[in-house]
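In the numbering used here, the protein residues as written are 2 to 735.
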Amino acid sequence: MAMPQNSTRENGFCFTQPLDFSCPSPRPGEAGRAFGAVSGRDGCSTPLSNGITSSGAPSPSDSCAQPLCTPTPAEEETPFQEGIKYVSAEGEEPACGWGGFTPGCLQLCNTSKGVLFFLCVASFLQGMTVNGFINTVITSIERRFDLRSYQSGLIASSYDIAACVCLTFVSYFGGNGHKPRWLGWGVLVMGLGSLLFALPHFTTGHYEARSAAQVGVCGGNQSLPCSQAASSLSGYRFVFMLGQFLHGMGATPLYTLGVTYLDENVKTSYSPVYIAVFYTAAILGPAAGYLVGGMFLNIYTEIGREIDIAPENTLWVGAWWIGFLGAGAASLLISIPILGYPQRLPGSQRYIVMRVSEAHQLKDGSHKKASDPDFGKTVKDLPRSVLLLLKNPTFIFLCLAGATEATLIAGMSTFGPKFLESQFSLSASEAATFFGYLVVPAGGGGTFLGGFLVNKFKLRCSGIIKLCLLCTVSSLLAIFIFFIHCPNMPMAGVTQMYNGSALPGGHLNLTAACNAECGCLQETYSPVCGTDGIMYYSPCHAGCKSVSENLRRGKKVYHECSCVDKALLPGSGKAEAGKCTSSCAKKPLLLCFMFVVILFTFLSSIPALTATLRCVSDRQRSFALGIQWIVVRTLGGIPGPIAFGSMIDKSCLLWQDQCGEQGSCYVYQNSAMSRYTLVAGLVYKVLGTTFFVVACLLYKPPPPESSPGSSNASENDTSDLQEHKPSLPAEGDL
Numbered sequence: 002m003a004m005p006q007n008s009t010r011e012n013g014f015c016f017t018q019p020l021d022f023s024c025p026s027p028r029p030g031e032a033g034r035a036f037g038a039v040s041g042r043d044g045c046s047t048p049l050s051n052g053i054t055s056s057g058a059p060s061p062s063d064s065c066a067q068p069l070c071t072p073t074p075a076e077e078e079t080p081f082q083e084g085i086k087y088v089s090a091e092g093e094e095p096a097c098g099w100g101g102f103t104p105g106c107l108q109l110c111n112t113s114k115g116v117l118f119f120l121c122v123a124s125f126l127q128g129m130t131v132n133g134f135i136n137t138v139i140t141s142i143e144r145r146f147d148l149r150s151y152q153s154g155l156i157a158s159s160y161d162i163a164a165c166v167c168l169t170f171v172s173y174f175g176g177n178g179h180k181p182r183w184l185g186w187g188v189l190v191m192g193l194g195s196l197l198f199a200l201p202h203f204t205t206g207h208y209e210a211r212s213a214a215q216v217g218v219c220g221g222n223q224s225l226p227c228s229q230a231a232s233s234l235s236g237y238r239f240v241f242m243l244g245q246f247l248h249g250m251g252a253t254p255l256y257t258l259g260v261t262y263l264d265e266n267v268k269t270s271y272s273p274v275y276i277a278v279f280y281t282a283a284i285l286g287p288a289a290g291y292l293v294g295g296m297f298l299n300i301y302t303e304i305g306r307e308i309d310i311a312p313e314n315t316l317w318v319g320a321w322w323i324g325f326l327g328a329g330a331a332s333l334l335i336s337i338p339i340l341g342y343p344q345r346l347p348g349s350q351r352y353i354v355m356r357v358s359e360a361h362q363l364k365d366g367s368h369k370k371a372s373d374p375d376f377g378k379t380v381k382d383l384p385r386s387v388l389l390l391l392k393n394p395t396f397i398f399l400c401l402a403g404a405t406e407a408t409l410i411a412g413m414s415t416f417g418p419k420f421l422e423s424q425f426s427l428s429a430s431e432a433a434t435f436f437g438y439l440v441v442p443a444g445g446g447g448t449f450l451g452g453f454l455v456n457k458f459k460l461r462c463s464g465i466i467k468l469c470l471l472c473t474v475s476s477l478l479a480i481f482i483f484f485i486h487c488p489n490m491p492m493a494g495v496t497q498m499y500n501g502s503a504l505p506g507g508h509l510n511l512t513a514a515c516n517a518e519c520g521c522l523q524e525t526y527s528p529v530c531g532t533d534g535i536m537y538y539s540p541c542h543a544g545c546k547s548v549s550e551n552l553r554r555g556k557k558v559y560h561e562c563s564c565v566d567k568a569l570l571p572g573s574g575k576a577e578a579g580k581c582t583s584s585c586a587k588k589p590l591l592l593c594f595m596f597v598v599i600l601f602t603f604l605s606s607i608p609a610l611t612a613t614l615r616c617v618s619d620r621q622r623s624f625a626l627g628i629q630w631i632v633v634r635t636l637g638g639i640p641g642p643i644a645f646g647s648m649i650d651k652s653c654l655l656w657q658d659q660c661g662e663q664g665s666c667y668v669y670q671n672s673a674m675s676r677y678t679l680v681a682g683l684v685y686k687v688l689g690t691t692f693f694v695v696a697c698l699l700y701k702p703p704p705p706e707s708s709p710g711s712s713n714a715s716e717n718d719t720s721d722l723q724e725h726k727p728s729l730p731a732e733g734d735l
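Here it is, written out as structure tokens:
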């Protein structure tokens, strides 16, 4: 409950006695006045707290002593309201600070816009670290610490595992507690996780790469230390897993309590825009992680040491750890101001009591249990809270729809760069940078646009679900673009024979007469592009006998390649390190429709989140988001990359050979990759469309008579507004 208090800056008087918000039936002849004639919700006059009603012309002292009931729209424009503030009835002063240290200069940030800024920075850092840096540097970590692919997969999954473990506890107890403190400590734990993730770089010895001036050239030293025992460095995977676990723990409050804290402290119509800005920052974070992480990978991991290998070399390990140090330090700093925010922002109480209910109505009326002020404060209410959410079909199907969208997002964010790398014959760093440029306008723009549309058209819950359905159908149609693909670049011994003929039965044949004397090993994969426009497995497989010290466009040039330019004089063939450049004419069309798919997928994210917040009771919002995140991660975020990865692996043409053991895939068949991506996309988009349709059909809004006539009424039913809780006059917008 909140009590109005007059600001001495605007008027020279203040309230001198406690107020009673009870509104009994009026007695004849009584008329309540407060800054003008104000009547209660049921049309009653409002008595003073001592039981004496006022009549006649009001005096300033009468106005101070009299409680406020719901004003009419015309009365909301009275100039006296500029001096009204709202403070908690429990006596907590909504000041920004730490303990007793609440300097006046900090109160400039004690607004919804101030909270939004710091939460945006936190979500940006989380996205940049977990969804950007991790995906960018995972290959370098595998190479540096001798990790297998399944081990690096466990590192990536540790984040989602931690989030699933902590979500129920954090969303249930944090939702009824001091949200900024939960948020601040969460960001601090996330920063510690980033610093821990970078720790192995400083606790291991220097990385020693073999001098690669002659390695891989025909006749060079081709021996590889296959007989060595497994490196002890692989044990550092547990440190990385712990760092990711801390990332997951710290980020858990951010997307549950952070969203509800914003929603509670702004007008209902502004809430989608605030949440959209918050999530846009979270989308821009991974894009920045791809770009900045790719830049750091061009720096050698042992900064200051001279090395004669280039970033294109498979032995190169970039400075993967720099980003985690910076993100960890920034997270520790940003947690300090977040910890200083009060449980409620000044003036936010009016937004809680001035909402109209859109919660799904259960047939047995059990949804009204959540309106009890004491509901959800103890562990014994946890099963009942879960049961109320499970009985809400709209919430359940919104969760399932979110899981299908999360599967696509997780799969595309993990394998999107790999798709571009294969289709357009790019290097890994080029593909990551390219994907980052694609995600910034499509993902970030779609996220913000979704919240803007909900606010612009003042959509109610059913209209929001229909908007989500429209976005899903649009992306479903656009995903048919994966029917087309770019052809593979010709690669000798992999896609064709060395003489240009087709491979018999599709089997690899990397040996030919031109390189038979070179003794090439399949473990040494370092593709080169010959002057004949054909790619070769390595300089050795191209029959190259020497390498130039001069770089062309920053790449090494190999000479005397016997397998290149067969029509010319022997020994005149040349090859350049790296893949051949693709000249696929379908590239603009593919990129355009990929942009549309990403745009409409993210366009539905904020509306779906807003619909989730509105279809449940106020007191269950944080907990509902926590349960939704568990469903989304369990059914979407965790299995999504696995499902996409297993389907894409079916299109592999050339597997890595690690001393007789199968490693990762080097070359994919582009037509098969597009076909499998299309199948996966269609399955999940059709499921998402179905779930949104069912959610829309099963949604049962409150009856119109249960809501006040004003659009700024209670978010819950009128039963959720207890008779002692008034609707307060609106102060100027934050």
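The C-beta atom is built at its ideal place from N, Cα and C for all residues, glycine as well. All values reported here derive from a predicted model rather than from experimental measurement.
Identify which residue in the options has its Cα closest to the Cα of residue i.
{"i": "Phe645", "options": "Thr405, Asn266 and Ile156", "result": "Thr405"}
{"i": "Val441", "options": "Gly286, Tyr538 and Pro338", "result": "Gly286"}
{"i": "Ser158", "options": "Phe174, Met250, Gly236 and Leu120", "result": "Met250"}
{"i": "Cys106", "options": "Ala96, Ser113 and Leu478", "result": "Ala96"}
{"i": "Ala402", "options": "Cys515, Thr496, Ile607 and Gly501", "result": "Ile607"}
{"i": "Leu326", "options": "Pro273, Arg145, Gly194 and Arg385", "result": "Gly194"}
{"i": "Lys467", "options": "Thr691, Ser423 and Gly638", "result": "Thr691"}
{"i": "Lys580", "options": "Val529, Leu591 and Ala609", "result": "Val529"}
{"i": "Ala612", "options": "Ile135, Thr137 and Cys400", "result": "Cys400"}
{"i": "Tyr271", "options": "Ile480, Lys459 and Leu610", "result": "Lys459"}
{"i": "Cys219", "options": "Phe119, Gly154, Cys545 and Arg145", "result": "Cys545"}
{"i": "Lys686", "options": "Phe596, Ser584, His560 and Ser476", "result": "Ser476"}
{"i": "Tyr173", "options": "Val380, Leu454 and Gly501", "result": "Val380"}
{"i": "Ser426", "options": "Ser583, Glu524 and Ser563", "result": "Ser583"}
{"i": "Gly745", "options": "Leu478, Pro104 and Ala199", "result": "Past the edges of the chain, shown from 2 to 735, lies residue 745, and the structure says nothing about it."}
{"i": "Leu346", "options": "Ala311, Asn299 and Asn266", "result": "Asn266"}
Hey, residue i and residue j are a contact pair by Cβ (cut 8 Å); roughly how many whole angstroms apart?
{"i": "His486", "j": "Ser652", "result": "In fact, because the Cβ distance is near 10 Å, the residues do not count as touching under 8 Å."}
{"i": "Phe398", "j": "Ala696", "result": "4 Å"}
{"i": "Thr408", "j": "Gly192", "result": "The Cβ separation is near 29 Å, so there is no contact."}
{"i": "Gly290", "j": "Gly417", "result": "Contact doesn't hold; Cβ gap of about 13 Å is too wide."}
{"i": "Pro254", "j": "Val171", "result": "5 Å"}
{"i": "Gln657", "j": "Tyr669", "result": "About 13 Å; that fails the 8 Å criterion."}
What are the residues that DSSP puts in a beta bridge with residue i?
{"i": "Trp99", "result": "Phe102"}
{"i": "Glu577", "result": "Cys530 and Val558"}
{"i": "Leu655", "result": "Val668"}
{"i": "Met492", "result": "Met536"}
{"i": "Ser549", "result": "Ser549 is not bridged to any residue."}
{"i": "Gly319", "result": "Tyr301"}
{"i": "Gln497", "result": "Ala493"}
Drop a sphere of 10 angstroms on the beta-carbon of residue i, count the other beta-carbons inside from all chains shown, and report buried for 16 or more, exposed for fewer.
{"i": "Arg306", "result": "exposed"}
{"i": "Glu99", "result": "Contrary to the premise, residue 99 reads as Trp rather than Glu in this sequence. Exposed, because fewer than 16 other Cβ atoms sit within 10 Å of the Cβ of Trp99."}
{"i": "Ile53", "result": "The predicted model places Ile53 with a pLDDT of 38, which falls under 50 and marks its position as unreliable; any figure quoted below should be read in that light. By the 10 Å Cβ count, Ile53 comes out exposed."}
{"i": "Ile649", "result": "buried"}
{"i": "Cys593", "result": "exposed"}
{"i": "Ile323", "result": "buried"}
{"i": "Leu590", "result": "exposed"}
{"i": "Pro704", "result": "exposed"}
{"i": "Tyr700", "result": "buried"}
{"i": "Leu698", "result": "exposed"}
{"i": "Ile156", "result": "buried"}
{"i": "Ala493", "result": "buried"}
{"i": "Leu655", "result": "buried"}
{"i": "His207", "result": "exposed"}
{"i": "Ser64", "result": "Note that Ser64 scores 39 on pLDDT, short of 50, meaning its location in the model is unreliable; the coordinates nonetheless yield the value given after this. Flag for Ser64 reads buried."}
Between residue i and the ligand NAP, is the CB less than 8 Å from at least one heavy atom?
{"i": "Ser675", "result": "In terms of ligand content, the structure shown is empty, and the ligand NAP therefore cannot be addressed."}
Quick one: any contact between the region 625-634 and the region 466-474, if contact means 3 or more CB pairs under 8 Å?
-> no
Kindly confirm or deny that the region 182-189 and the region 322-341 touch, where touching means at least three C-beta pairs closer than 8 Å.
-> yes
Answer yes if the region 592-609 comes into contact with the region 441-455, meaning at least three C-beta pairs across the two stretches below 8 Å, and no otherwise.
-> yes
For the region 257-264 and the region 615-624, state whether three or more C-beta atom pairs, one from each stretch, are separated by less than 8 Å.
-> yes
Kindly confirm or deny that the region 666-682 and the region 382-395 touch, where touching means at least three C-beta pairs closer than 8 Å.
-> no
Evaluate contact between the region 533-547 and the region 509-520, counting only Cβ atoms and requiring at least three cross-stretch pairs below 8 Å.
-> yes
Inter-stretch contact (C-beta, 8 Å, three-pair minimum) for the region 409-428 and the region 108-116 | no
Do the region 424-435 and the region 294-302 touch if we need at least three Cβ pairs shorter than 8 Å?
-> yes
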